[in-house]
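Scroll down for the structure; my scribbles are underneath it.
Residue numbers (mature numbering (1 follows the signal peptide of the UniProt record, and there is no 0)): -25 to -1, 1 to 163.
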């Protein structure tokens, strides 16, 4: 039993180092600020014609990322990096040593998701935790209480949330008619 446990731990450590320790992603665009992302203004060199590679240092988070493109390489402090677009078109935000996938492009309310680890029985299922940020750029867990606190000036916002969402897991409902998340539509 002890040998099996030791083997499992060794396999887990090897997987962590090979998969995410120094994760490299092919980037098509890099954004310095949240405002740059909203406006589509890219920074730091790579473009869709010549994608770069971004080394994220996920296992042992550092206060910088390494970018290489067109034979050049540079080190960017994470404090000067909002996010990046992968070659596949997915957009991610780098914040506090974590990487969040950005789900929308609304300047009032950005929605994020982050993959969470699951137990062996649920290994095949993707599990996500959801977050949001307002114009201040602070990423908070996506709960109805946090949403109500984020917009205190909007008097009817709390009532709209209570009326349309019974539980927090409904907050990421996508409105296919309006082609946006329901929260975005209610915030208009």
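For each residue, glycine too, the CB sits at the ideal point set by N, CA and C.
Reduced DSSP secondary structure (H/G/I, E/B, other) of residue i
i           : result
residue 17  : coil
residue 152 : coil
residue 9   : helix
residue 23  : With a pLDDT of 48 at residue 23, under the threshold of 50, the predicted position of this residue should be treated as unreliable, though the coordinate-derived value follows. Three-state result, residue 23: coil.
residue 158 : helix
residue 101 : coil
residue 85  : strand
For residue j and residue i, the rounded distance between their alpha carbons
i           : j           : result
residue 8   : residue 89  : 19 angstroms
residue 66  : residue 138 : 31 angstroms
residue 80  : residue 156 : 11 angstroms
residue 129 : residue 111 : 16 angstroms
residue 152 : residue 160 : 11 angstroms
residue -4  : residue 30  : The predicted position of residue -4 is uncertain, since its pLDDT is 49 and thus under 50; a value taken from the coordinates is nonetheless stated next. Whole-angstrom Cα-Cα distance: 6 angstroms.
residue -1  : residue 28  : 5 angstroms
residue 158 : residue 147 : 8 angstroms
Distance between beta carbons of residue j and residue i, contact taken as under 8 angstroms
i           : j           : result
residue 58  : residue 105 : That pair is no contact at about 17 angstroms.
residue 162 : residue 85  : Actually they are not in contact, since the Cβ atoms of residue 162 and residue 85 sit about 12 angstroms apart, beyond 8 angstroms.
residue 68  : residue 87  : 6 angstroms
Cβ of residue i within 9 angstroms of any chain D Cβ
i          : result
residue 44 : Here chain D cannot be found, since the structure has a single protein chain.
Could you name each continuous alpha helix (DSSP H) segment of 4 residues or more that falls completely within the region 103 to 131, going from the start of the chain to the end? 119 to 125
Segment contact flag, the region 106 to 119 with the region 139 to 146, C-beta cutoff 8 angstroms, min 3 pairs: yes
Those runs of the beta strand (DSSP E) which lie wholly inside the region 30 to 59 and span at least 3 residues: 39 to 44, 47 to 52
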